[in-house]
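Notes for the one structure printed next.
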Amino acid sequence: MFLPQICLMVVKISKLLNTFLITATGSQQKNMRRGSQL
């Protein structure tokens, strides 16, 4: 019954978590990318 609303909430939460993780671990991701290139 409430699947659409739940999906929207999940998408919003996932976007917030993604932005937070990107800002928090941005440097770590860059280091991982450099390591993977090597």
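In this text, residue positions in the sequence shown follow the numbering used here: the first is 1, and each later residue adds one.
Built from N, CA and C at the ideal position, the CB exists for glycine as well.
Since we're looking at a predicted model, the values are computed, not measured.
Local conformation of residue i per DSSP, three classes
i          : result
residue 2  : coil
residue 23 : helix
Same chain only: Cβ atoms within 7 Å of residue i, ignoring 5 sequence neighbours per side
i         : result
residue 7 : none
Own chain partners of residue i with C-beta closer than 6 Å, once the 5 adjacent residues on each side are dropped
i          : result
residue 24 : none
Check: residue i C-beta below 7 Å from any heavy atom of the ligand PLP
i          : result
residue 15 : By its list of ligands, the structure shown contains no ligand whatsoever, and the ligand PLP lies outside what it can speak to.
Cα-Cα separation between residue i and residue j, rounded to whole angstroms
i          : j          : result
residue 17 : residue 26 : 13 Å
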